[in-house]
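In full-length UniProt numbering, the protein residues as written are 1 to 442.
Cβ coordinates follow ideal geometry from the N, Cα and C atoms, glycine included.
A quick note: this is a predicted structure, and the numbers were derived from the prediction, not measured.
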Amino acid sequence: MDTTKKGGIPLHWLMLIGFVIGLGAGLYVNQYIGPDVAWVQWVTSNVTGPAGQIFLRLLFMLVIPLLFSALVVGVAEMGDLQSLGRAGIKTLLLTILVSAIAVVIGLGMVNYFRPGDGVDPALAQALLAQGAEGAAAIVEKAPESVQFGTFFLDLIPSNVFTAAAENQILPIMIFALLFGIGLVMARSPNTDKLQNVIEGILEVTMKLINLVIKLAPIAIACLMFNLAALFGWDLLVRLAAFVGVAVGAMAIHMFVVYPLVVWIGGGMNPLTFFRGVQRPMIVAFSTASSNATLPVALKAAEEELKLPRKIARFVLTVGATANQNGTALFEGVTVLFLAQFFQIELSITQQVVVMLVCILGGVGTAGVPAGSLPVIAMILVMVGVPAEGIGLILGVDRFLDMCRTVLNVTGDLVLATVVSRGEKDDPVVIEPDPPVTVATVA
């Protein structure tokens, strides 16, 4: 997704440069100067700290309109449910199911390998004290056991505006989901106009996020300087472990879950499937863009997998926005990794909340560069983790973005294969030639 350029240099290269500069300067300070020196503390408190916070607050400012509009539009685009019938319902249910499996795999891997463990607890608590001012103290309020009655009751906001003001992200996403379903059910000229307005809000929000993301190289340098100055080389070790766990979880979903779904749900040999989708996978990895890969995926679905054209076009077009398995998995892994890094133990209840937000976030994540950042930032605030930790993963996000885009695009083709089972294209009706009248000569 990273095609935006600034000053002629691709944005992802600028982000990498900012990561390297911030990391190098922070490691130098940690090894040779010390984070407790007066001028270092002044710089982190008055320059790099506020610069990073500005970037994060801009993301927070846009997250509510982004998620609401993206989720409503993503569901409303399934308005073809009325014309496609069971195919549309299967698409929606399979999207939720496969995304849930992806998130569970990611959370299971992070809980088992615990890539965020191992940093100095004193340093973690020091940064936690600095960065937790804007985070909700949900860690202290969360129950130790899952109380399902209260949990599901809290999903329904009694006042959606109050929920938005208090950054209760999951109730807002539930409201957006219901709003989108209502928009599909109440089709009329007026609701079509309303959908156009919401699509306009989404376009404006995505444009603003594109502008905010252009500040990412500076923000990454500032955030990484603060983190590296405090944690030193432990930072690189934990970061490498994070990348390993994230890629491992994606590999399990790609080479275990997808083949099983294709085989059992789609009735197709997994080897045949993967031979047919090689080109979309390569394009997805090289461009890191689901939208850019869509034409190639459509061609592969029709010519290589021999899927019905109307089903393939519907599922792949909707899936490019709404079926983001790799993004959902990545968000869950990142949140739990950063919670471990800052020595914050999340209860079962909180992990269930994270899982649900990631599943819905996979539908509501915008197709813009680093579009998952606002969702991750908001989840971090929900569970009391300093949002500054985002700086840790931004430097390696380009590679992980390429990997999760392959997972997203392949997941769309898996979904199209399963939904297409038992479906046929509408037969082409050939009108008979009009009868030829022969004049009779008397």
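- Here Pro157 carries a coil assignment [DSSP, helix/strand/coil].
- Asn323 counts as buried, since no fewer than 16 other beta carbons sit within 10 angstroms of its beta carbon.
- The beta-carbon separation of Val419 and Lys90, rounded to 5 Å, stays under the 8 Å limit for a contact.
- With respect to Ala229, Gly26 sits close: the two C-beta atoms are nearer than 8 Å.
- In this model, Pro10 and Gln168 are separated by some 35 Å (Cα to Cα).
- Asp412 counts as buried, since at least 16 other C-beta atoms from the protein chains shown sit within 10 angstroms of its C-beta.
- In this structure, the alpha-carbon of Ile17 lies about 16 Å from that of Leu227.
- Taken in chain order, no unbroken stretch of beta strand (DSSP E) lies wholly in the segment 229 to 316 with a span of 3 residues or more.
- About 5 Å separates the Cβ atoms of Gln343 and Pro121, confirming a contact at the 8 Å cut-off.
- Around the CB of Ile64, 16 or more other CB atoms lie within 10 Å, so the residue is classed as buried.
- Annotation: Asp117 is outside any alpha helix (DSSP H) and is labelled neither H nor E by DSSP.
- For Val245, the closest of Gly49, Ile348, Glu302 and Tyr112 by C-alpha to C-alpha distance is Tyr112.
- Annotation for Gly265: Val418 place their beta carbon closer than 6 Å to its own, counting only its chain and skipping 5 residues before and after.
- Look at Ala25 here: in three-state DSSP terms it is helix.
- Straight through space, the alpha carbons of Phe399 and Pro259 are spaced by roughly 24 Å.
- Burial is judged here by how many other beta carbons sit within 10 angstroms of a residue's own beta carbon; Leu346 has at least 16 and is buried.
- Under the criterion of beta carbons closer than 8 Å, Gly391 and Leu223 qualify as touching, at roughly 3 Å.
- In this structure the segment 160 to 180 touches the segment 64 to 76; the number of beta carbon pairs closer than 8 Å is three or more.
- For Asp412, the enclosing alpha helix (DSSP H) begins and ends at Asp397 to Ser420.
- Going by beta carbons, Leu59 and Pro386 fall outside the 8 Å limit.
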